[in-house]
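Enquirer:
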Amino acid sequence: MNSLSRIDGVLHIEQVALPEIARTFGTPCYVYSRATLTAALQAYKEALANNNALVCYAVKANSNLAILSLFSRLGAGFDIVSRGELARVLAAGGDPGKVVFSGVGKSAAELREALSLGILCFNVESEAELDRLEQIAGGRRKPAPIALRVNPDVDPRTHPYISTGLRSNKFGIPIDRARAIYRRAAASPQLAVRGIACHIGSQLLDPEPAAEAAAKVLALVDELASDGIELSHIDLGGGMGIRYLDEQAPSASAYLAPLLAAMAGRRERLLLEPGRSLVGNAGLLLTRVEYLKPGVEKNFAIVDAAMNDLMRPALYDAYHDILPVEAAAHAALPYEIVGPVCESGDFLGHARTLAIAGGDLLAILSAGAYGMTMSSNYNSRPRAAEVLVDGTAMHLVRRRESIADLYAAESSVP
Ligand code: LLP
1236 MNSLSRIDGV
1246 LHIEQVALPE
1256 IARTFGTPCY
1266 VYSRATLTAA
1276 LQAYKEALAN
1286 NNALVCYAVK
1296 ANSNLAILSL
1306 FSRLGAGFDI
1316 VSRGELARVL
1326 AAGGDPGKVV
1336 FSGVGKSAAE
1346 LREALSLGIL
1356 CFNVESEAEL
1366 DRLEQIAGGR
1376 RKPAPIALRV
1386 NPDVDPRTHP
1396 YISTGLRSNK
1406 FGIPIDRARA
1416 IYRRAAASPQ
1426 LAVRGIACHI
1436 GSQLLDPEPA
1446 AEAAAKVLAL
1456 VDELASDGIE
1466 LSHIDLGGGM
1476 GIRYLDEQAP
1486 SASAYLAPLL
1496 AAMAGRRERL
1506 LLEPGRSLVG
1516 NAGLLLTRVE
1526 YLKPGVEKNF
1536 AIVDAAMNDL
1546 MRPALYDAYH
1556 DILPVEAAAH
1566 AALPYEIVGP
1576 VCESGDFLGH
1586 ARTLAIAGGD
1596 LLAILSAGAY
1606 GMTMSSNYNS
1616 RPRAAEVLVD
1626 GTAMHLVRRR
1636 ESIADLYAAE
1646 SSVP
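All residue numbers for the sequence shown refer to the numbering used here, where the first residue is 1236 and numbers rise by one.
1) Using the Cβ count rule (16 or more neighbours within 10 Å means buried), how would you classify Arg1308?
2) On the three-pair Cβ rule with 8 Å, is the region 1312-1325 touching the region 1541-1557?
3) Where does Leu1558 sit, in a helix, a strand or coil, going by DSSP?
4) Locate the alpha helix (DSSP H) running through Thr1627, then write down its first and last residues.
5) Is any heavy atom in the ligand LLP found nearer than 7 Å to the beta carbon of Lys1295?
6) Around the Cβ of His1565, are there at least 16 other Cβ atoms within 10 angstroms (buried) or fewer (exposed)?
7) Are Glu1360 and Gly1407 touching if we call contact CB-CB under 8 Å?
8) Measure the C-alpha to C-alpha separation of Ala1448 and Leu1368 and round it to an integer number of angstroms.
9) Between Asp1411 and chain B, is the shortest Cβ-Cβ distance under 8 Å, so that the two count as touching?
10) Less than 7 Å separating the Cβ of Tyr1551 from some heavy atom of the ligand LLP?
11) Mind listing, in chain order, the continuous beta strand (DSSP E) runs of no fewer than 3 residues lying wholly within the region 1398-1449?
12) Checking 8 Å against the spacing of the C-beta atoms, do Pro1378 and Leu1352 come in under that value?
13) Any heavy atom of the ligand LLP inside 7 Å of the beta-carbon of Ala1604?
14) Check for me: the alpha helix (DSSP H) holding Glu1636 runs from which residue to which?
15) On the CB-based measure, 16 or more other CB atoms within 10 Å of its CB, does Asn1237 come out buried or exposed?
16) If you draw a straight line from the C-alpha of Val1312 to the C-alpha of Ser1488, how long is it?
17) Flag Glu1508 as yes when its Cβ comes closer than 7 Å to any non-hydrogen atom of the ligand LLP, and as no otherwise.
18) What number of angstroms, rounded off, separates the C-alpha of Ser1403 from the C-alpha of Val1385?
19) Can you name, in chain order, every residue of its own chain whose Cβ lies under 6 Å from the Cβ of Gly1338, other than the five neighbours on each side?
20) Looking only at its own chain, which residues have a Cβ that is under 8 Å from the Cβ of Glu1281, when we skip the five neighbours before and after it?
21) Quick check on the burial criterion: 16 or more other C-beta atoms within 10 angstroms. Buried or exposed for Tyr1526?
22) Counting pairs of beta carbons, one from the region 1270-1290 and one from the region 1495-1507, are three or more of them closer than 8 Å?
23) Throw me the rounded Cβ distance for the Arg1429 and Ala1492 pair, which I believe falls under 8 Å.
24) What residues match up with Asp1314 in a beta bridge as DSSP calls it?
25) My output table needs one value for Gly1476: the three-state DSSP class, helix, strand or coil.
26) With respect to the beta strand (DSSP E) encompassing Ser1240, which residues constitute its N-terminal and C-terminal limits?
Have a look at this one:
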């Protein structure tokens, strides 16, 4: 995370000391850097300069309104997967005309609402969804703008839970069936064929699989043109990976170079749906050590954040770097960093050698993507606060949930 630095031994995000954030807002607390968020989007914009392209930020990575409004003001569009995400985009001032709607299970209500709002495109994932959308668009003045999300059957070489472009995955329409479905869609007065979409997986460190998928997509686009079906855009999805530990994560320009080369000379607009690479390294989870518990086989550092706050380690065995916020003169020991939740899978890091004591603050890095958005209230734990740092300023962009929030939507048996 490039907005992190140590000043007199104390970890700062931009110009704000993390202990100051803990004092003001408590822990656990997600902390984001506005400068890093801006730089990440800027890197895409620079890599895409001189290209007819639109970055549609994948809202699922981090849907806080502050981040959506920042990206919206910087000109981004959005990739959404639910009504909830659509509502967030609108609440943040996002333009529905720059929204693409992905997802395998869009409900009729979701299709209706997005259609009324005039979104840029529905990324349709099945024939059944196309039928439903056609029916809903019937009787309206405007046809529904569609792209087919094709499944190119390319191995993205990432964690199996976040691979989406293999034939065995639930996502997309098998690429060899898409041409016939496009012909059908093009013949429907209720549907306006606008584009094609493809997303093969997440945390991709090598652009090669994405380039392979792009080649398959472009071959299909050319076949469609020979059928008289001209597309206005080509959506190559998200997926660019970031550095969590020692990964050689590509820069946006390196990752996009083969995709831009494939698009060179084409008239269609390029759409991208990056999530993690725009927010992942702009956020950390700030937590406090509740207890140190020396064990027979392992030493445990029990912290006040848990799997309900950051699920990635428990779910994917994902690695997040963990740093002490203040350098201290304690003995450095290997610790299991675990939370208070009653599950043995509730860990945030294994065997981390740290010089810490009870009461110390820890920063769990690279937690800006798929952190807060995947959090839950498991064990009736209120969700963490979120703070956006901007230079020397800190803004509370989501208050910590209260205990009353936990059951505000519930009622007792009458
Ligand atoms: N577009 C579509 C259609 C997607 O399904 C996704 C992510 C993205 C774009 C954004 O991908 P990104 O640029 O963030 O890789 N929870 C997992 C990641 C799940 C990704 C799901 N789809 C994790 O924590 O690693």
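The C-beta atom is built at its ideal place from N, Cα and C for all residues, glycine as well.
Small disclaimer: the values here were computed from a predicted structure and weren't measured.
Expert: Result, derived from the coordinates:
1) exposed
2) Counting C-beta pairs with one atom in each stretch, the region 1312-1325 and the region 1541-1557 have fewer than three that are closer than 8 Å, which means they do not touch.
3) strand
4) First-last for Thr1627: undefined, no H or E at that position.
5) In this structure, Lys1295 has its CB closer than 7 Å to one or more heavy atoms of the ligand LLP.
6) exposed
7) yes
8) Rounded to the nearest whole angstrom, the CA to CA distance from Ala1448 to Leu1368 is 26 Å.
9) Structure shown: chain B not included; a single protein chain is present.
10) yes
11) Restricted to the region 1398-1449, the beta strand (DSSP E) segments that are unbroken, complete and at least 3 residues in length are 1426-1432, listed in chain order.
12) Contact: no.
13) yes
14) Counting along the chain, Glu1636 falls outside any alpha helix (DSSP H), and DSSP gives it neither H nor E.
15) exposed
16) The question names Val, yet the displayed sequence has Gly at residue 1312. The alpha-carbon atoms of Gly1312 and Ser1488 are separated by roughly 19 Å.
17) yes
18) 13 Å
19) Val1316
20) Ala1487 and Ser1488
21) exposed
22) Short answer: they touch.
23) Wrong, their Cβ atoms sit about 26 Å apart, outside the cutoff.
24) Ala1293 and Val1335
25) coil
26) Leu1239 to Ile1242
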